[in-house]
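Following: one structure in structure tokens, then a few remarks.
There are 2 protein chains.
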Amino acid sequence: MPEGPDVIWMRPEHATVGRPAERSRAELTSVAIAIADHDGLDGVSMRRVAAELGTGPASLYRYVASRDDLLDLMADSVAAEFELTGRTGDWLADLVDVGRQARGIMLRHAWLPGLVISRGTLGPRGADLLEYVLGVLAEQPAEPITKVEAFAMLMAVTAAYVQHETSAGLAEQQRQAAYLERVATDGGHPQIAALLAVAGPSAAPDQDRFALLLARVLTGLLSHT
Amino acid sequence: MPEGPDVIWMRPEHATVGRPAERSRAELTSVAIAIADHDGLDGVSMRRVAAELGTGPASLYRYVASRDDLLDLMADSVAAEFELTGRTGDWLADLVDVGRQARGIMLRHAWLPGLVISRGTLGPRGADLLEYVLGVLAEQPAEPITKVEAFAMLMAVTAAYVQHETSAGLAEQQRQAAYLERVATDGGHPQIAALLAVAGPSAAPDQDRFALLLARVLTGLLSHT
DNA sequence: GTAGTACGCGAACATCGTTCGCAATCTATA
DNA sequence: TATAGATTGCGAACGATGTTCGCGTACTAC
């Protein structure tokens, strides 16, 4: 039984004996990513992936122990889009750049934030990223645990920001706004009312805005106090 | 058709005419919360809630348009556990206290972080909370949008922290650790290797640790720069 | 009384993740 | 070259899910 208590990256992809596999984890992953890019994570069903691959649903379980495994593969796969080069020597600038890249990747794959937050699994690519961030922070006089927390927060904050960003114009957010406006007119929430009166349509969240936010969070986390 | 494009709190709970309802949204909500507290969010199926209520699954749709609506009700319901009193005049202290309470609520209801992050919907209780936070920040010389971002980050960071906290001892996290250790021994990740060599078992995340983290994040976000 | 309306809910539909069993196809060994 | 062993491919099925339909029931308003 290939059922080990391990994470998927600890299991060998193919056995050396027996009938050779006709497909690969990478194939499943890229198909799943393509589907998710078009139709969201909910579109990624085992049946759909299998159909797109031209096989039956049961075949996928030769490559993956569960759907969650496939999701882990997806998340780690797009982490390859990071370009971990060009350290400037300024740790803050380098970390903000990592966040900028992460935001870019998440905007390109709108399903990523949900995965990053719900399951924090690190694959090979994720490990490379963590290694890079720790390298950037090597000279920084902070406790190791703090640095790991900074990494986690970098990802979590970015994911939360992008998720808020991508659902901005959607119907979901507009219902929210509609309800908040009704709350504002109810009289019991003067601060919210004042907020809506001033803001009008919410300001477009752009690149600089995010970079500033991230820089502030990271400074708060890692500056020697 | 009660199918409106509105969020659930904009739809009247019961009509004034016709056969009166035998149950209430609050009843569904409290049953769903009890289930989620015991068996997690996945345990909250329409069938299970209905069974616990002594009815058929179809009956629930007289009170709720979808399962997601029920989840929204749950999230807003536990937001009533906040005690929004005792403003000290120190905005940072007050906000950290809000975070502390949020963490307490999320520890009590381990399913909350997932909801807070994935769907950021604000109900009546959520609006009260936002109103309170905006009130705390009234004197603070920051742009309104920044204050809303601070509120969102306060919630997101707390949720991410608690989620990382509650899955600490679980099998899931241990698989992670096992894989990271293998990565460390592979030789290509010296920083990670150094980290694991020093840290040993991860330090227990306690109250003070979280408060410090939150204070740093909030200071970074809201301090006049 | 009568009309109108909303509720209760059994039954069913579509879809989902996953498992089982066996035929097919490969490597390793003799 | 035959045989043994191991793994893959996958049709069929299981159990569970969210949701819809239709109809009988129970109420309010007139």
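If you read the sequences in order, they're chains A and B. Following our numbering, the numbering of the first sequence begins with 259 at its first residue and continues without gaps. Following our numbering, the numbering of the second sequence begins with 259 at its first residue and continues without gaps. The beta-carbon is built from N, C-alpha and C at its ideal position, and this holds for glycine as well. Small disclaimer: the values here were computed from a predicted structure and weren't measured.
- For T346 (chain A), no alpha helix (DSSP H) run applies, since DSSP gives it neither H nor E.
- Residue-level contact check: A469 (chain B) does not touch chain A, since none of the beta carbons of chain A fall below 8 Å from its beta carbon.
- The beta carbons of D327 (chain B) and I375 (chain B) sit no closer together than 8 Å.
- D464 (chain A) and P270 (chain B) have their C-alpha atoms some 38 Å from each other.
- With respect to the C-alpha of D334 (chain B), the residue from B:V322, B:E341 and B:L370 having the closest C-alpha is B:L370.
- Q398 (chain B) carries a coil assignment under DSSP once its states are collapsed to helix, strand and coil.
- The beta carbon of D264 (chain B) falls within 8 Å of a beta carbon belonging to chain A, placing the residue at that interface.
- Within the same chain, V354, G357 and R358 come within 8 Å of A469 (chain A) by CB-CB distance, once the 5 residues on both sides are set aside.
- Remark: fewer than three beta-carbon pairs, one from each stretch, lie closer than 8 Å, so the region 378-393 of chain A and the region 446-453 of chain A are not flagged as touching.
- Note on the region 294-346 of chain A: there is no whole beta strand (DSSP E) run with a minimum of 3 residues.
- By the C-beta criterion, the region 413-422 of chain A is judged to be in contact with the region 402-412 of chain B, since at least 3 inter-stretch pairs fall below 8 Å.
- By the neighbour-count criterion, in which a residue is buried when 16 or more other Cβ atoms sit within 10 angstroms of its Cβ, A435 (chain A) is exposed.
- Taking 8 Å as the upper bound for CB-CB distance, V289 (chain A) and V307 (chain A) are in contact here, some 6 Å apart.
- A check of alpha carbon separations from G362 (chain A) across A:L350, A:T346, A:D348 and A:E339 identifies A:E339 as the nearest.
- Within the region 408-421 of chain B, A410, M411, M413, A414, V415, A417, A418, Y419 and Q421 place their CB atoms closer than 9 Å to a CB of chain A, listed in sequence order.
- For T443 (chain A), the enclosing alpha helix (DSSP H) covers residues A429 to T443.
- Taking a C-beta cut-off of 7 Å against chain B, the contacting residues of the region 356-376 of chain A are G372, I375 and S376, listed in chain order.
- DSSP places E285 (chain A) within a helical segment (H, G or I) once states are collapsed to three.
- Per DSSP, S425 (chain B) lies in no alpha helix (DSSP H) and is assigned neither H nor E.
- Among the residues of the region 265-276 of chain A, those with a Cβ less than 7 Å away from any Cβ of chain B are V265, W267 and M268, in the order of the chain.
- Below the 7 Å Cβ cutoff, chain A contributes no neighbours of L428 (chain B), its closest Cβ being approximately 12 Å away.
- About 6 Å separates the beta carbons of L318 (chain A) and M304 (chain A), which is inside the 8 Å limit, making them a contact pair.
- At a beta-carbon threshold of 7 Å, the residues of chain A lying near V456 (chain B) are P402, ordered along the chain.
- In this structure, the CA atom of V475 (chain A) is about 8 Å from the CA atom of T477 (chain B).
- In the three-state DSSP reduction, P278 (chain A) falls in the coil class, being neither helix nor strand.
- Note on M268 (chain B): under 16 other CB atoms within 10 angstroms of its CB, so exposed under the neighbour-count rule.
- Cβ-Cβ separation between D444 (chain A) and V394 (chain A): approximately 48 Å, too far for a contact (criterion under 8 Å).
- Taking the Cα positions, K405 (chain B) is about 16 Å away from D348 (chain B).
- CA-to-CA, the gap between L311 (chain B) and R283 (chain B) works out to about 12 Å.
- By the rule that beta-carbons nearer than 8 Å mark a contact, E389 (chain A) touches chain B.
- For I266 (chain B), there is no enclosing alpha helix (DSSP H), as DSSP marks it with neither H nor E.
- Among the CB atoms of chain A, one or more fall inside 8 Å of the CB of G478 (chain B).
- The closest CA to that of E341 (chain A), considering only A:L387, A:A368 and A:G301, is found on A:L387.
- Taking all protein chains in view, the Cβ of V415 (chain A) is crowded by 16 or more other Cβ atoms within 10 Å, so the residue is classified as buried.
- In the same chain as L299 (chain A), and ignoring 5 residues on each side of it, the C-beta atoms closer than 8 Å to its own belong to L329, W369, G372 and L373, in chain order.
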